[in-house]
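Participant: Add 2 to a position in the sequence shown, counting from 1, and you land on the number used in our numbering.
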Amino acid sequence: MTKPSFDDIYMELAMNLARKSHCVKMKVGAVLTKDTRIVSLGYNGPPAGTHNCDEQWPETGCPRDSKGGCSLALHAEQNAILYAAKNRVTLEDATLYLTLSPCLPCARMIFSSGIKRVLFLNSYAEYKGIEVDEGTDFLRKFGVEVIHYTPQGMMENTIV
């Protein structure tokens with residue numbers, strides 16, 4: 003049996019975290035690491051202390067905002083970055099593992115946090131039915147290493 007890489011381990015953790023999401027539409031997980039150590043975790047959903055969409059609106063999900071997005075949810079990477087900030091963890095040169103590539107607003111937050119490497123499993127553009135992954139384009143333009151991750155040594159029974 004081949005030992006998994008840290009990339010495999012952390013992406014598998016992000017996939018498992020996505021299962022914790024209360025979102026009815028899409029479940030996304032995030033893991034932030036620094037020097038091969040986990041510094042923060044996150045998954046998409048409403049802020050703590052508000053409604054859990056799958057419990058409050060199990061059929062439709064939360065009400066939509068004016069642009070058609072979730073009116074309550076924080077994205078997985080936002081949750082991970084905010085938790086790190088709340089605990090005064092610096093993200094300079096950190097690596098972010100995501101099950102879905104970042105949208106443009108999240109990409110700006112990722113860049114501003116000092117994260118230098120992003121690995122993602124699925125494309126936000128494909129999920130949304132748009133032509134361009136604006137978030138990954140933004141990050142690459144400003145020197146962040148962005149990798150469309152392909153599972154290598156992940157555990158056999160893992161769902162991708």
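Note that CB positions come from ideal geometry on N, CA and C, so glycine has one too. Just so it is clear, the structure is predicted and the values come from calculations on it, not from any experiment.
Count the other CB atoms within 10 Å of the CB of residue 4; is the residue buried (16 or more) or exposed (fewer)?
Facilitator: Position 2 of the sequence shown, counting from 1, holds the residue named residue 4. Its Cβ having fewer than 16 others within 10 Å, residue 4 is exposed.
Participant: What would DSSP say about residue 122, mapped onto helix, strand or coil?
Facilitator: Locating residue 122 in the sequence shown gives position 120, counting from the first residue. If DSSP states are grouped into helix, strand and coil, residue 122 belongs with the strands.
Participant: Three or more C-beta pairs closer than 8 Å, one from the region 98 to 107 and one from the region 47 to 64: is that the case here?
Facilitator: Counting Cβ pairs under 8 Å, fewer than three are found: no touch.
Participant: Classify residue 87: buried if its beta carbon has 16 or more other beta carbons within 10 angstroms, exposed otherwise.
Facilitator: Taking the first residue of the sequence shown as position 1, residue 87 is located at position 85. The residue in question, residue 87, is exposed, as its Cβ has fewer than 16 Cβ neighbours within 10 Å.
Participant: Can residue 81 and residue 124 be called in contact, C-beta distance under 9 Å?
Facilitator: Taking the sequence shown and counting its residues from 1, the one referred to as residue 81 is at position 79. Taking the sequence shown and counting its residues from 1, the one referred to as residue 124 is at position 122. No, the Cβ-Cβ distance between residue 81 and residue 124 is not below 9 Å.
Participant: Grab me the residues of residue 67's own chain with a C-beta within less than 7 Å of its C-beta, minus the 5 sequence neighbours each way, in chain order.
Facilitator: Counted from its first residue, the sequence shown places residue 67 at position 65. Cβ neighbours of residue 67 beyond the five flanking positions: 73.
Participant: Going by the CB atoms, is the gap between residue 98 and residue 19 shorter than 9 Å?
Facilitator: Here residue 19 refers to the residue found at position 17 when the sequence shown is read from its first residue. Here residue 98 refers to the residue found at position 96 when the sequence shown is read from its first residue. Not a contact, by the Cβ cut-off of 9 Å.
Participant: Check the C-beta distance from residue 78 over to residue 44 and give it rounded, since I have them as a contact under 8 Å.
Facilitator: One-based indexing of the sequence shown puts residue 78 at position 76. One-based indexing of the sequence shown puts residue 44 at position 42. The pair is a contact, with the Cβ atoms about 5 Å apart (cut-off 8 Å).
Participant: Short check: CB of residue 113 to CB of residue 140, under 9 Å?
Facilitator: Indexing the sequence shown from 1 puts residue 113 at position 111. Indexing the sequence shown from 1 puts residue 140 at position 138. The answer is yes: Cβ separation under 9 Å.
Participant: Using 9 Å as the threshold, is the C-beta distance between residue 36 and residue 93 below it?
Facilitator: Here residue 36 refers to the residue found at position 34 when the sequence shown is read from its first residue. Here residue 93 refers to the residue found at position 91 when the sequence shown is read from its first residue. Yes. Within cutoff.
Participant: Keeping to the same chain, check which residues put their C-beta closer than 8 Å to that of residue 27; ignore five residues upstream and five downstream.
Facilitator: Here residue 27 corresponds to residue number 25 of the sequence shown, with the count starting at 1. Answer for residue 27: 63, 72, listed in chain order.
Participant: Under a three-way DSSP split, which group does residue 16 fall into?
Facilitator: In the sequence shown, residue 16 corresponds to position 14, counting from 1. Three-state DSSP puts residue 16 in a helix.
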